[in-house]
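Residue numbers (the working numbering): 1 to 102.
Glycine included, every Cβ here is placed at the ideal spot set by N, Cα and C.
All values reported here derive from a predicted model rather than from experimental measurement.
Written below as structure tokens is the structure these notes are about.
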Amino acid sequence: MSLNRSEQRLFDYVSTHKEERTFWQAKVAAMLKAADNEHVAADRIEVELWRYYVERSEVVAPFKEAARLEGLRRTSLRNLADLLLRLWTEPRPKAKPRVEAG
Numbered sequence: 001m002s003l004n005r006s007e008q009r010l011f012d013y014v015s016t017h018k019e020e021r022t023f024w025q026a027k028v029a030a031m032l033k034a035a036d037n038e039h040v041a042a043d044r045i046e047v048e049l050w051r052y053y054v055e056r057s058e059v060v061a062p063f064k065e066a067a068r069l070e071g072l073r074r075t076s077l078r079n080l081a082d083l084l085l086r087l088w089t090e091p092r093p094k095a096k097p098r099v100e101a102g
């Protein structure tokens with residue numbers, strides 16, 4: 001899976017800051033638990049990641065610099081949301097097909 005620059009910047013930041021990583025691991029797990037399926041969870045996580053990215057761009061040097069150079073045009077963070085779900089949560093069991101008794 002390839003990440004865009006914004007996703008990579010965010011992933012690197014969260015990966016190297018234990019408190020942030022712990023926060024996001026709990027948030028990703030909770031959002032998956034509250035969602036109907038992984039796709040819905042990823043959509044919701046992606047929105048939260050963008051909010052976080054914007055917030056970090058006001059206070060953290062690499063994000064501030066990127067915002068200054070690139071602006072803060074909304075970019076997709078869906079690949080990162082999918083990656084975090086895969087890395088930090090247990091896969092949900094697939095629904096077993098129903099077998100009709102005949």
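Contacts around residue i, its chain only, beta-carbon distance under 7 Å, and the 5 residues preceding and following it disregarded
i     : result
Ala41 : Met31, Leu32, Ala35, Leu85
Residue i, buried or exposed, once every other Cβ within 10 Å from all chains shown has been counted against 16
i     : result
Ala61 : exposed
Val59 : exposed
Ala81 : buried
First and last residue of the uninterrupted alpha helix (DSSP H) at residue i
i      : result
Met103 : Because the chain in this structure spans residues 1 to 102, residue 103 falls outside the shown range and cannot be described.
Asp36  : Element bounds for Asp36: n/a, residue is neither H nor E.
Pro97  : Counting along the chain, Pro97 falls outside any alpha helix (DSSP H), and DSSP gives it neither H nor E.
Arg86  : 78-88
Length of the line joining the Cα atoms of residue i and residue j
i     : j     : result
Arg73 : Glu7  : 13 Å
Glu19 : Asn37 : 27 Å
Residues of its chain near residue i, where Cβ-Cβ distance is below 8 Å and the 5 sequence neighbours each way are ignored
i     : result
Ser57 : Phe63, Lys64, Ala66, Ala67, Leu72
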